[in-house]
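2 protein chains.
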Amino acid sequence: MDLTTSDNSTLAAYVTKLVMDELAKYEQPSRKVKVGVSNRHIHLDRTAMDVLFGKDSELRPKKKLGQPGQFAAEETVTLRGSRGELKRVRVLGPLRAQTQVEICVTDGFAVGVKPPVRESGQLEGTPGIEVIGPKGSVVLEEGVIVALRHIHMHTDDAKRFGVKNGQIVKVKVGGDRGGVLDNVVIRVSPKYALEMHIDVDEANGLGIATGDYVEVLDSNCEA
Amino acid sequence: MDLTTSDNSTLAAYVTKLVMDELAKYEQPSRKVKVGVSNRHIHLDRTAMDVLFGKDSELRPKKKLGQPGQFAAEETVTLRGSRGELKRVRVLGPLRAQTQVEICVTDGFAVGVKPPVRESGQLEGTPGIEVIGPKGSVVLEEGVIVALRHIHMHTDDAKRFGVKNGQIVKVKVGGDRGGVLDNVVIRVSPKYALEMHIDVDEANGLGIATGDYVEVLDSNCEA
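Residue numbers (my numbering), protein chains in the order written: chain P, 1 to 223; chain Y, 1001 to 1223.
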C-alpha cells in the first residue's frame, strides 16, 4: 500500500487495522464459563433401576444435558424422608455404578435429611433415603449429597485456563447478589464440555440462572 | 521491679507481659459480624392488621429478634399466589407504615411470584400477593420483595468499622461454600444492634446458619 497516494478513508482503515492487530496481541483469552443449575435429581445403578422401573428396563432420554452423553430421562421417582416427600425427582442417565441422590439444603429441610456438601461419588457416611418408583421402592443406606460446586472442563479448556483436574479455584459472579466463590473444584476430562454446575440454593442465593456466565479468577493474579 | 534480683519465673512473666502489651498495639479491632437468617415473613400496616386479625387487634410477641424492639409475633398468615400457597408465614412486629412481604426466590417459584431484590421499604413496582388471615384477606397490589442483604449497625459500630449509612461493603464468608459477597448495604441507627441479615436461599447456598460470623472487608485494604 502506498500511503502517499491513498485517500483519507483508506488510510484511516489501514491505520485502524494496524492498531487493532497490535492491541489483539495483548488481549487475554476469555476466562468465562457458562453456568448450568442442577435441580434435584438421582443417578441410578442397575439394581435400583430393576427394582424401581422393572427388570432390564432402560431409561428413555428426554433432554440432552450440557455434558456429552448425559441426559435427563423421562423417568422420575419420589424421595421419602422422615419429614416429607419430594415428588417427580428427575432421573439422569445413563446408569451409573452407584445410586446417588443430589438435592439442595432447602430440599433436605423439606424431607428431613441433612446431606453434606460432597463431590460426586464420595458417598461414605452420607445419609440415605427411600426412593419410590412405579414398580417398587428401595431404601438407600447412603447416597444423598449436596453437590460441591464444580466446573467441567475439556482437556483443551484446562490447558487454556492453566488448571489441573482436582484444582480448587475462585469464581467471580456478577449481579446484585454476586461476589467471589471459594472452593470451586475443576474436573477435567476429554469427555467433558466447559460448564459450571451449581445447585438451586446457590443459584437463588447468588442470583444466577442457567446460561449466565461466571469468570474463573486467575490464581496467579490474585491479591 | 528490680530485674537483677527477680527469680526466673517472675522475670519470664514480666517480659511476656511487656511483649504482649506491645503486640496488642498492632492488633486490629474485630470486623466480625453475627448473621441472622431471615425466613419468609410479613410486616403489616394497621389497615391489613384490622382486616386479617380483626379491628384494633394487636400483635402478640412470641420471640424477640436481634434488632431492639422487633419481635416475631404469635400471628401467622397464608400467602397465596398463582401457583400455590405458603402457609404459617410469620408476622413480625411492631406494625409498620406499609405492609411488606419478604420471601426468598425459592418461595417465589413455589407460589408463582417473582419479586426483585430490594431494600426494605422500596416497594415501587414490586409484585403483589394475596394475604389470608383468620378474620379476612387482603390482595396487595405491591409489596413482595426478596430482601437485599444488609448489616444493621449501631452508630458506635459504624464508627468502629469506619462506614456510613447506605455504604456498600464486601463481606467474607468462611466454610465449604464461602467466598466474598459484594453489594452488602450498611444500615446505621442508634436503634440498631450489630447483625447481618441474609435470607434462606443465601444461607443455604453459602452454607451459613444463624449465629455464624462473617467479616466485613476493609475497603481501604482491598486489592
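Here a beta-carbon is modelled for each residue, glycine too, at the ideal position from N, C-alpha and C.
Closer than 9 angstroms to chain P by CB, residue i
{"i": "Y:Asn-1183", "result": "yes"}
{"i": "Y:Glu-1124", "result": "no"}
{"i": "Y:Asp-1021", "result": "no"}
{"i": "Y:Thr-1099", "result": "no"}
{"i": "Y:Thr-1106", "result": "yes"}
Residue i, DSSP secondary structure in three states
{"i": "P:Asn-8", "result": "helix"}
{"i": "Y:Arg-1083", "result": "coil"}
{"i": "Y:Gly-978", "result": "Here chain Y comprises residues numbered 1001 to 1223, so residue 978 of chain Y is not present and cannot be evaluated."}
{"i": "P:Lys-170", "result": "strand"}
{"i": "Y:Val-1138", "result": "strand"}
{"i": "P:Val-185", "result": "strand"}
{"i": "Y:Lys-1062", "result": "strand"}
{"i": "Y:Glu-1222", "result": "Caution is warranted here: a pLDDT of 48 is assigned to Y:Glu-1222, below 50, making its placement in the model unreliable, and the coordinate value is therefore given only provisionally. DSSP places Y:Glu-1222 in coil when its eight states are reduced to three."}
{"i": "P:Ala-72", "result": "strand"}
{"i": "Y:Val-1113", "result": "coil"}
{"i": "P:Leu-92", "result": "strand"}
{"i": "Y:Tyr-1192", "result": "coil"}
{"i": "P:Gly-205", "result": "helix"}
Residues near residue i by beta carbon distance below 8 angstroms, same chain, minus five either side
{"i": "Y:Pro-1061", "result": "Phe-1071, Ala-1072, Ala-1073, Glu-1074, Gly-1093"}
{"i": "Y:Asn-1165", "result": "Ala-1158, Ile-1186, Arg-1187, Val-1188, Ser-1189"}
{"i": "P:Thr-106", "result": "Val-200, Asp-201"}
Within-9 angstroms CB hit, residue i to chain C
{"i": "P:Leu-11", "result": "In the structure shown, chain C cannot be found, because the protein chains are P and Y."}
Status (buried if at least 16 other CB within 10 Å, exposed otherwise) for residue i
{"i": "Y:Tyr-1014", "result": "exposed"}
{"i": "Y:Ala-1223", "result": "Only weak support exists for where Y:Ala-1223 lies, its pLDDT of 40 falling under 50; the value from the coordinates is given anyway. Result: exposed."}
{"i": "P:Leu-206", "result": "buried"}
{"i": "Y:Asn-1008", "result": "exposed"}
{"i": "P:Met-153", "result": "buried"}
{"i": "Y:Val-1169", "result": "buried"}
CB contact check: residue i to chain Y, cutoff 9 angstroms
{"i": "P:Asp-199", "result": "yes"}
{"i": "P:Leu-79", "result": "no"}
{"i": "P:Val-214", "result": "no"}
{"i": "P:Gly-179", "result": "yes"}
{"i": "P:Thr-210", "result": "no"}
{"i": "P:Asn-8", "result": "no"}
Same chain, Cβ closer than 7 angstroms to residue i, five either side skipped, listed in chain order
{"i": "Y:Ala-1264", "result": "As shown, chain Y starts at 1001 and ends at 1223. That puts residue 1264 of chain Y outside it, with no answer to give."}
{"i": "Y:Gly-1066", "result": "Gly-1036, Ala-1193, Glu-1195"}
{"i": "P:Phe-53", "result": "Glu-75, Gly-133, Pro-134, Lys-135"}
{"i": "Y:Glu-1085", "result": "Thr-1078, Leu-1079, Val-1111"}
{"i": "Y:Asp-1176", "result": "Gly-1207"}
Same chain only: Cβ atoms within 6 angstroms of residue i, ignoring 5 sequence neighbours per side
{"i": "P:Thr-210", "result": "Gly-36, Val-37"}
{"i": "Y:Leu-1123", "result": "Glu-1142, Gly-1143"}
{"i": "P:His-197", "result": "Gly-36, Ser-38, His-150"}
Nearest neighbour of residue i, chosen from the options [CA to CA]
{"i": "Y:Val-1216", "options": "Y:Val-1173, Y:Val-1138, Y:Met-1049", "result": "Y:Val-1173"}
{"i": "P:Arg-40", "options": "P:Lys-32, P:Leu-23, P:Glu-102, P:Ser-6", "result": "P:Glu-102"}
{"i": "P:Asp-45", "options": "P:Arg-96, P:Arg-90, P:Val-91", "result": "P:Arg-96"}
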